[in-house]
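Numbering (the working numbering), first residue to last: 8 to 122.
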């Protein structure tokens with residue numbers, strides 16, 4: 008990034024927050040504050056979805072404590088897989104990130120079938 012853009016960038020911080028890993032500066036990314044940067048970057052737009060799909064082991068092991076108000080059928084893998092695939096297909100993200108995946112081949116097959 009050119010030095011003049013870097014200087015402009017550092018002046019656009021809109022807020023500062025603290026978290027477990029330290030201070031994080033949040034910066035505005037609109038044309039007004041960044042000198043047209045977003046216009047040039049529009050060619051690189053993509054969507055990302057991240058999902059913690061709840062490992063099957065955890066769904067069953069913690070059901071009586073964490074998920075006691077969730078109907079048993081909704082904790083079953085088949086139901087959760089169907090809902091997950093519907094959600095991913097609906098939003099059609101360019102990149103999907105998943106955590107706690109135990110049945111990747113099931114999900115992969117369903118998503119391949121969906122296109």
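Heads up, the beta-carbon is just placed ideally off N, CA and C, and yes, glycines get one too. As the structure is a computational prediction, the values presented were derived from the model and not from experiment.
Item	Value
With H, G and I counted as helix, E and B as strand and the rest as coil, what does DSSP make of residue 71?	coil
Residue 133 lies in the alpha helix (DSSP H); which residues open and close that run?	The displayed coordinates of the chain run from 8 to 122. Any statement about residue 133 would go beyond what the structure contains.
Taking the straight line between their C-alpha atoms, what separation do you get for residue 113 and residue 51?	31 angstroms
Taking all protein chains shown into account, do 16 or more other C-beta atoms lie within 10 angstroms of the C-beta of residue 102, making it buried, or fewer, making it exposed?	exposed
Could you check if residue 135 is buried or exposed, using at least 16 other CB atoms within 10 Å of its CB as the buried criterion?	Only positions 8 to 122 of the chain appear in this structure, which leaves residue 135 out of reach.
Which residues in the same chain have their Cβ closer than 6 angstroms to the Cβ of residue 80, if we skip the five residues on either side of it in sequence?	86
Is residue 90 near the ligand FAD, judged by its Cβ being under 7 angstroms from some heavy atom?	The model depicted lacks the ligand FAD and carries no ligand whatsoever.
Would residue 175 be called buried (16 or more neighbouring beta carbons within 10 Å of its own) or exposed?	The structure shown does not extend to residue 175, since the chain is modelled only from 8 through 122, so no value can be given for it.
Locate the alpha helix (DSSP H) running through residue 114, then write down its first and last residues.	111-121
When the Cα atoms are used, what is the spatial distance from residue 88 to residue 98?	16 angstroms
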